[in-house]
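Mapping to full-length UniProt numbering: the first sequence position 55 is 55, numbers consecutive. Every residue gets a Cβ at the ideal spot worked out from N, C-alpha and C, and that includes glycine. These numbers come from a predicted model, not from an experiment.
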Amino acid sequence: MENDGNASLNKGAWSADEDTTLAQYVAHHGPKRWKTVAIKSGLNRCGKSCRLRWLNYLRPDVKRGNFSDAEEDLILRLHRLIGNRWSLIAKRIPGRTDNEIKNYWNAHLRKKAKLMEKLPAISIAAMKENLWSEEASCGTEIQETEDIGGGNEDGDDDESFDVSAPGLNWVKSFLELEEDV
DNA sequence: AAATGCGCCAACCGCGTGCGC
DNA sequence: AGCGCACGCGGTTGGCGCATT
């Protein structure tokens, strides 16, 4: 197992200097062999910590700050579809990391999702309509799915979900892969 | 103004998986 | 086939800042 447990290693928040060191090292050598990165860069950190810092913060394409409405809606819908598969959800939202999405879910969306579950079926259709029109107008770069099918309001009848909808091939193949195992 | 509570986010931890030897 | 290393994932925790009393 990867157990970088070493009492002498730095832990906790990263300093600006550490960030710079790590970013420079990765820029020269690439984001791989994190244990080597940790040692050769001179950072007194474990490889795991370096990897996480790079992925969640230092990567040039990582988008930080507020989630747009479209991103939020997408997270809600994807979570309803596939559950706590944060990395999968993150792959569908450019610039967002699994950790960030997970945090955002726990901080903001969990309550919201619960609330929505309690609402009568009103308005899944109405919500969807809203959703699409908002997304059409906000012009995000989200790799949007075109339709999420329907139903599944109570959150535990996944098999009734229509993953054959356009744009959901990835979900379909994902589910098929899961079934194969 | 001080104390306390709460929410949010960054980071850590443990475990599973993939891959090379 | 078995082993060890490296990576990736999801759950959890710690600390900071803001709001409330």
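Determine the contact status of residue i and residue j, defining contact as a CB-CB distance below 9 Å.
i    : j    : result
L55  : N10  : no
F67  : H108 : yes
R45  : R53  : yes
M116 : L76  : yes
H79  : A27  : no
So, under 8 Å CB-CB, residue i and residue j are touching, yes? Tell me the CB distance rounded to an integer number of Å.
i   : j   : result
E71 : I93 : 6 Å
Please classify residue i: is it buried, with 16 or more other beta-carbons within 10 angstroms of its beta-carbon, or exposed?
i   : result
R33 : exposed
A38 : buried
S41 : buried
I'd like the list of long-range same chain contacts for residue i, defined as Cβ closer than 6 Å, with 5 residues on each side in sequence excluded.
i   : result
R51 : W34
W14 : R53
What does a CB cutoff of less than 7 Å around residue i pick up in its chain, not counting 5 residues either side in sequence?
i    : result
L43  : E18, T21, L22, C50
T97  : L55, N56, V62, A90
A125 : Bear in mind that the predicted position of A125 carries a pLDDT of just 48, short of 50, making it too unreliable to give a figure here.
Among the residues of its own chain, which have a CB less than 8 Å from the CB of residue i, if the five just before and after it don't count?
i    : result
I101 : I75, W86, I89, A90, I93
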